[in-house]
Structures are given as structure tokens and as C-alpha cells.
Amino acid sequence: MGDITTRNTGKTAALWAGGVALALLAGAGLYLGAAHTVDIETQARFDHLARTGRQQLAGAVHSYADVVRGLAGLFQASGAVTRLEFHRYVQALGVAEHYPALESVNYAAYVEAGARDAFVAGVRADRSLDPAGYPGFTIRPAVRRPAHTVLTYLEPWLAEKAGADLAGGAPAVAQALERARDSGRMTASGKPIVVEHPVRHLGLGLRMPVYRTDGAVPPDVEGRRAAYAGSVGIGFSVPALVRGALPGGDQPVALQLYAAADSRAAGPLHVNEADNLLYDGAGAALKNAGDLMETVLPVRFDDNLWKARFVARRADLVDGFGRVFPWLAGAGGFGATLLAFALFLNLARSRKTAVDQRRLLDLVLDNVDAYVYLKDRDRRYRYVNAKMAAACGLPAHEIVGRRDREVMPPAQADALWALDRPVLELGEKRAVQNAFAGSDGVPRQLWSVKVPVRFAGDGDAGAVLCVSTDVTELHALKAQADAASRAKSDFLSNMSHEIRTPMNSIIGMAYLAGKRAEDPKQRDYLGKIQHSAQHLLGIINHILDFSKIEAGKVELELRDFTFDALKRNVESQLGAQASARGLELVFDVAPELKWPVRGDPLRLEQVLLNFVGNAIKFSDHGTIHVRARVERTVGADVLVRFEVEDRGIGIAADDLAQLFTPFHQADPSSTRVHGGTGLGLVISKQLAELMGGEVGATSVPGQGSTFWFTVRLQPMTAPRPAAPAPPSEPGALAGCTILLVEDNAFNQLVARELLEDAGACVVVADDGAQALDRLAGVSVDCVLMDVQMPVMDGCEATRRIRADARLAGLKVIAMTANAGIEDQARCLAAGMDEFLTKPAAPETLIATIARALGRGVPRPDVPDAPRVVTLLDLGVLSDAFGGQPERMRKYAFLFLDTARDGMHEIDRALVAQEPARAAAAAHRLKSAARTVGALNFANVCGDLCADLERQAEPGAQGQARTLAARLRGLLPRLERHILAELGARQQDRRA
């Protein structure tokens, strides 16, 4: 075991190690993927910021270049622009607001050597803007050249700059001016100029030539040289231009701006040493960063090219989520993969466990000594075990999925299906004994337990599971036992006949001889002979009764009788014997028992005779008290307790527990002194239980004993004329809502009208399942619950009501045609509050419900007159329907219709060999018959139910068919009786 555990632990550890490695790999992959995604997003953000900055910068440069173009256009359009017009034009530009980087706007006139002096004099004398003129104006440097390009107009005016000869400076500047003159296009100063004021910064200039024409630029170089009049230009601060173009704030992207040495450069740009740095917005730390991102973008205007180099640290462009996203993705991938692996591992283990369990189940079922199969509604086998497959003569895998008629003879398949189908239709477990012949042709007797199986999502039973045990040997033993029992019965019957015949002669001859004997000694001998013969006859009767009870052949004969008659019979048989022993018999019958009751008076008398006879036998003095009291009411019946008290020898406590077992005596000495077989008490116990009661005894040795037993009896009432008779409590249930749970439509109508007449609101349900549905949507005060119903019986419905916390306190009253004490105990154990037996008198029904609801209606008194029982008891019918003739007639004929339908259903069920279905129909007929007072019909229905419930196999139904024939014979007699007593229906009269 330790080695197995170690191997399993090692295997599990290896699986989990693989799962962790897989999870790490998945987490690493997701981490790299997420990091790559962040890198792409970071690059995209950087590119966007760079392109945006380039566009903003290019827009600013072009706006400043447009200022230069505007100036050139002013000169081209006017031909000659005065200083005042130039000043006003610049003022109109709103330089401070719109062009904050501008430091200078100027015009440089082209002056040839011959016109130099006149030009200087003209400028000095120009008072259009300054009244004092410009007396200090001169061309600088003073070196005379063939031509000069002289700064003439400056905004703002700078005296130190005015008169500067732009072409007389650096050769590069002169060459740039010449290129601009010849091309007619704008040019920029090649290198930035360091401007010291107001703060040290780099400045740059843009210039554009102007010509003396009528507005159009000459098309060729010669024409442009001939018409050249000078150039206009601006000077601006490069840092101010950049700050104005790019947004302020803490931007992660920095800019370095270069003037390209080669304006014709194309393709991807790079900064080289020949390029002039115009602006440097990147600090030293940024330049030396290891994760630097950079791009160089062109800024073009006319023939000029600037290189905008944007740089940023990658970390500065990643937001907070971008920093943690790869780690989250990696951790999530690791956790999700590990979880998925755990789920997969669990599913794999579960599947393996299921497969192992299926194999184990197959192994068990294949080795169990039973035929097991699962068959669906289409008669297809869903499962067979090895024993069933062998019986069919095919492998199991060839049987599964095929119909039963395909794997066995059709006749046998149909016979099995006739037993399987009711289980599917009724959805109830069933046990039957049936014959079966396998592929070997040997007939076998099987005890089959069939259970409905419901598949997921299917409300009805979808298949039947059958487990059949071979009871062929047991069946043979049972047949032998039955034969032996019959032989025993025949033997006892024959012995009874053979013994009783000479005993009758002995007793009769001894009696006759005693009457004629004159010698006292002879009379004493003859008396002893007669006494011994009577004692021997009693022993024979006990043995026969015990045998009959054991065989279940004792049936109660219900008749009406009075307790006075019962008392007289006991006294007449045992009074002389008691007097002979000096004993007194005292009978004490409760006043409420003075009227007739219904039961089996002969069996009741037999128990009393046994108890009183024992009391006489074991007593030498004193009084023997025989008492009868009503212990309690059970629906419409009463439970009567009988006690026989003596002052005899008593019984030891150790012997009391064994007192009612066969062939037991208190002790051997008592047996020898007083005689007896030990069968009398056990017969009394069995008879009392047959009559719905029980037995018991209390005793004190030397002081006497008290033997008691209870029986269930039905009080009888006198017949009443079919005249209106109002119920005793017309409004006893006013305002109550009662749920009536009854599967018999006839009984539903009867009970509903009775309850509504008492003022109740009635909700009806056909079975226990419907009752639970009704209770889910309707609030009721009480439930009147039938017990035996389809779908769900009353006991199960009551148990579910008690299990529901909302309904735990709801009153539930049983109302059933099963009147046995076991039935009452079963109902009370299920949680019912009261127990009524059908048919219940209206007063009893209403009083019981009112009492359960705490309304204080008194229990109906015991009726005060005897009732005569006929084929139709009009008293019961009148009680049930308030003595109203129309209602009595209506429901009597409705019962006849119900009975005909019920008889048809019973006949069909018997033909189909379905005893459970026939018993259910007979039970419904019994309930309806007792309601309308057809008591003989109800009794036969009850016998039919009992006989069908005792059927061991579907074919053994001879007695049931006989009882059904009796019912068919009773029905026309009952109909004629109803016609005679109540008259025809209205539709019958019209017909």
C-alpha cells in the first residue's frame, strides 16, 4: 500500500511539475506579447507626437515665410513702396501677437555705384516717418563697389543696422543673394546668427527678391537681373519660433532642429556634420539615454530644408498601465494556464474515475447472479449485463441499441414488455414474478423488480431498469409448501370430520345416559366423560382456528349487533361455569355503546369467551369484571376497549412478554393443574388485529390479572326519509379555504358540495403533486387529503408539506376508504392531523375540519337509533347530501355512470394482466360506493382490492375474476333499487 501511495504521489507531482512548466511558458509568451504590444503602442505614440510637432513647426515656418512673400508681393504690386507705407504694412501684421519670434522686418534696396550718392541723400532727406529724417544714414562699409544691397527700411528701426551693405559682407551671403536674385525664390541664411540681445540666442533670416515690373516676375535670369530692385526679409529667433510652434508643458519628446546642408536630400533623413544646428531642445541626459527613441523629419519651405530631429526616452512614453500590463498578462497567463491545467487534470481524473466506476459496475453486474437490463420506451435495450446477454444468446454489445423483439422470440419479448410498460406509464416501482425462457429453451421463474428511470431533461420515465433473480428453485419449494399446506388443511379437515363425528356421538350418548342413570356414581362418571369430550372439542376448534389464521383464510363477516346481545351470549355460555366455581360475572357497558354497531360479532364473542373462560379457569373466588368503553373515535368509527379483570392466581412479569405466542403457558405446573393448549390467547390476538385493534395484559402474581383488547366498530344510524334536512352546522366553515385532494371525480363533486354548503371555499387537486402546485399559489386553511392516489399519494404529499417551512403548520386531514389501524398509523406518521374513513357523515366531516381549525364545533353524538343495511343505504346517501332528494338522485345516478366506467377499466386491466391497475380502479369504486351508501358494492370492491394486492404473479387472478363478476351482477340490481327508491332522472323521463 505504501509503494502504491508513493507511486501515485510521484505521478501527481510529475503532472503538476509539467503543468507549472506549461503555465510558466504560457505566462512568458503572454508577457513578451504584451511587452511587444506596449512597444508598438509606445512607438506609435512617439511617431504621432513627432509628426504632430513637425506639422506644427512646418506650419509656423510657413507662416513666417508667408510674411516675406507678403512683403515681396507688396513691392511687386506697388512698384515703389515708401517708408511710411512699409511701416504701416508691418504694423498691420500684428507682429507681437501673431509672429512673436520676429525680431526684424526689413527691405534692402539694390543700388548701383553711379546712384549711390543720390540714394544716400534721398534716404537722409526722407521725413515721411521721422520728421527729422535720417541725417546719419550712410552705406557701410564705405568701400565702393559696382553695386550695393543696402538695408533701407527696418522695423523696428535700428540705426546701427541701417545702411548695411548685405552683399559687402561674407562671400556666402553675397552668393545667397545672387542665387535668390537669379531664381526669384526665397532663401534662408545658411548659418544661424548669434544674437546677444535681449538674451543670447540664435537668429535666422529669410529673404526674397523684388523686381521693378508691373507685378510679374521676369521669366528668365537676364530679365530678373535687369529688373532686380532689391530684397525683403525678416530676422527671427529660432528658439522663439520653436516655442511658439510646439506646445509647452512637460512633453516627453524633445526637438533638435538643423538647417540641412543639402536642401535636395530625399528619403530617410539623417543629421550629419555639415548640417547647422538651429535649435537644441534635448538635454545632455536625454542624449545619453540608453532606450532613446528618435526620428528625423523634413521641414521644407520653398527650396529650403530643415531637419527636425525628435528624441524621447522610451520609458517616458509608457503610461502606468503600460508598465504593469506585461506583468499582468504574464501573471494572468500563468494563473489561467495553471487553472486550465488543473481543470483539465480534474476532468481527466473524473473521467478516469467514471470509467473505472463503470468498469467496476459492469464487473459487479456481470458477476451478480441476476438478469439486469435497461430498456427505453422504444423497447430498445440501453444496457444488459453478462447474465442477461448469455440468456439472449448474444454478446452484450450486439444487444445494446436493438429492440427486444430482435434479440428474443417475439412472443416472449411482448410478454416482458407487457410487464415493463406499466412501470413506464405509471412511473412507479413494481415487483412481479414472471416466466422466462433463455436461449437454451429452459423455462425459469424470475422475481423481477422494475424501476422507472428518468433521464436528465425528461420529465417522464424514459426507461425501465429491471433486476430479475432466478427463483425457479424457490418457486418449486413454494409449490411444494403450498401442496404441503393444502395437504395439512385437508388432513385437518378430514381429522376434524373424523374426530367430530365420534365426539358428537360420545357427547350425545353421555348426555342421554346421564339423564337416565339413577346411580349417582354412574352420573358422576358420565358427567366427567361429557366434560372431557367438550374440553377435547374445544382443543380441536382452537387448532383449526389457529391453522386457518396462519393460512390467512379467516375473513370477517360484518353484521349489525348490540352489546346487550353480546353480553347475553357470553353470560349464557359461561355463567353456569362461573357459578359452579363460586364466581360472579359482572358486565359494565358504557352508555354510549347501548345502540347497534357494525362488526363481526362472532369473532368478537370468540375473543371475549376466551378471555372470560381463562379468567374463570384461573380464579377460585371473587368477581370477574367485563368492561366495554369507547377509547376514541377514528373518523366515522369508534375504537372500543374490552377488559376482563379477575382475582385469580396472576402471572409473573417474566411470562407476560411471551403470553401471546403460540403454545405458551404461564408455567408447566399451571398447565398440568388447569389444562390448555396455549393457543387461545394467540388466536385472540390475531382476531383482535384482524378487527383493527390490539391486545395486552397486566397482572400481579397472587392478586389477579386484567386482559384487554380493542376492536374498531362502526356505529349505525337509522334510515331517514328523503326529505330536506339542514346540516347541523350550516356555517361552521364560513370564510375557510379548503384544498380538497381527491382523484375520484365523483367523490370530488360530493365533498365539494358538502364543504361549500358549510360555507367553505373549495380548491380541488387530483393528486398529491397537483396539491403541492396549488399550495404554491393559493393560501388555504386546511387540506382534506385522500391517501391512495396516482402520481403522488397522500402520505408523500403530506411529508413534503411538513418539510416546507411555510406550510409546516397547515392542518392536513386524511380521508380514505382504507380503515385499518395500520392505515391510520401510516397517515399519522406522515404528519396528518386527523383521520376520517369514507364515507364520513357530513356532521362528522364538518366537525372534524372545524375542530382541526380550532373553531370549537362539538363532535357529533353517537347516533341514537339502529340503521338497517340494504343494497342501498338511504341513510348514508341522505347524510352525504343533506337529505335533498334532487342531489341524492343526481349523485346516485352519477355513481352508476362512474361504476360502469370503472367496471370496464377493471375488465381491461384483468385481461391485460395488470393487477395494480385493476386494484386502483376497484379502490376508487369502493370509495365512491361508500359515499352513496352502496355498502355491499363497496365491500365487494374492497375484497377485490385485497385479492389483487395479494397476487404473487399476474396470471393468478381466478378469485379476482370471480369478484369482478359479482360486481357486474350487483350493478343492475343496485340500479333497479335506485330507480325504485329515488325515481328516474329527468332525461330518462323525457326519453
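The sequence shown begins at 7 in the working numbering and counts up one residue at a time.
A virtual CB, placed ideally from N, CA and C, is assigned to each residue, including glycine.
Note that the structure is a prediction, hence the values are computed from the model and not measured.
- Item | Where the alpha helix (DSSP H) through Ala260 begins and ends | No alpha helix (DSSP H) holds Ala260; the beta strand (DSSP E) holding it covers 260-265.
- Could you tell me whether the region 445-464 touches the region 357-375, where touching means 3 or more Cβ pairs closer than 8 Å? no
- Task: Drop a sphere of 10 angstroms on the beta-carbon of Arg979, count the other beta-carbons inside from all chains shown, and report buried for 16 or more, exposed for fewer.
- Result: Flag for Arg979 reads exposed.
- Task: Tell me where the beta strand (DSSP E) around Phe648 begins and ends.
- Result: Note, Phe648: beta strand (DSSP E), 643-651.
- Message: Going by C-alpha to C-alpha distance, which of Ala803, Cys788, Leu859, Leu816 sits closest to Cys833?
- Response: Ala803
- Candidates Pro177, Met192, Ser243, Arg213, of which the one nearest Val205 by Cα: Ser243
- Query: According to DSSP, which residues form a beta bridge with Thr58?
  - Reply: Thr58 pairs with nothing; no bridge assigned.
- Query: When the Cα atoms are used, what is the spatial distance from Ala424 to Arg574?
  - Reply: 57 Å
- Paired residues, beta bridge with Met214 - DSSP: Val238
- Task: Please list, in chain order, all residues of the same chain as Leu719 whose beta carbon is under 7 Å from its beta carbon, the five residues on each side excluded.
- Result: Cβ within range, chain order: Val603, Arg604, Gly605, Asp643, Val644, Val646.
- Item | Spatial neighbours of Gln776 in its chain, beta-carbon cut-off 8 Å, leaving aside the 5 residues before and after | Val747, Val797
- Item | Close beta carbons around His481, own chain, < 6 Å, minus the five adjacent residues each side | Gln451
- Proximity to Arg385 [Cα-Cα], best of Glu840, Ala98, Pro416, Pro198: Pro416
- Task: Identify the continuous beta strand (DSSP E) that holds Tyr387 and give its terminal residues.
- Result: 387-390
- Rounded to a whole number of angstroms, what is the C-alpha to C-alpha distance between Ala922 and Leu954? 7 Å
- Query: DSSP state of Gln890, grouped into three classes?
  - Reply: coil
- Query: Looking at Gly59 and Val305, is the spacing between their C-beta atoms short of 8 Å?
  - Reply: no
- Task: Under 7 Å Cβ to Cβ from Gly24, same chain only, skipping five residues before and after it: list those, please.
- Result: none
- Task: Using 10 angstroms around the beta-carbon of His1039, count the other beta-carbons present and answer buried if the total reaches 16, otherwise exposed.
- Result: Missing from the structure shown is residue 1039; the chain here goes from 7 to 997 and no further.
- Could you work out which residue in Leu349, Phe593, Pro597 is closest to Leu614 when comparing CA atoms only? Phe593
- Message: Within 8 Å, do at least three Cβ pairs link the region 260-280 to the region 144-153?
- Response: Segments in contact, no.
- By DSSP, does Leu931 sit in helix, in strand, or in coil? helix
- Item | Spatial distance of Thr704 from Val882 (CA atoms) | 40 Å
- Task: Name the residue from Glu598, Ala288, Thr629 whose alpha carbon lies nearest to the alpha carbon of Gln262.
- Result: Nearest C-alpha to Gln262: Ala288.
- Item | Sub-8 Å separation of Met192 and Ala64 beta-carbons | no
- Message: Rounding to the nearest angstrom, what Cα-Cα distance links Asp362 and Arg409 in this structure?
- Response: 28 Å
- Measure how close the beta-carbons of Ala66 and Leu247 come, nearest whole angstrom, since I'm counting them as under 8 Å. 6 Å
- Going by CA-CA distance only, name the one from Cys767, Val756, Ala751, Asn753 that's closest to Leu739. If we check each option's Cα against that of Leu739, Cys767 comes out closest.
- Going by the CB atoms, is the gap between Asp773 and Asp749 shorter than 8 Å? yes
- Query: Since Lys817 is in the alpha helix (DSSP H), which residue starts that stretch and which ends it?
  - Reply: Per DSSP, Lys817 belongs to no alpha helix (DSSP H); it is in the beta strand (DSSP E), 817-822.
- Opening and closing residue of the alpha helix (DSSP H) in which Arg130 lies: That run of the alpha helix (DSSP H) goes 122-131.
- Message: Short of 8 Å in beta carbon distance, which residues of its chain neighbour Leu977, apart from the five on each side in sequence? Order them along the chain.
- Response: Leu902, Ala905, Arg906, Met909, Phe943
- Does DSSP classify Arg191 as helix, strand or coil? coil
- Query: Taking C-alpha atoms, which residue in Glu849, Gly139, Asn616, Tyr116 lies nearest to Gly174?
  - Reply: Of the listed residues, the one whose Cα sits closest to Gly174 is Tyr116.
- Query: Would you report the Cα separation of His670 and Leu693, rounded to the nearest angstrom?
  - Reply: Because His670 sits at a pLDDT of 49, beneath the cut-off of 50, its placement in the model cannot be relied upon, and the following sentence gives the value as read from the coordinates. Near 18 Å, if we compare the C-alpha coordinates of Leu693 and His670.
- Item | For Thr704, the residue or residues it bridges with in DSSP | Thr712
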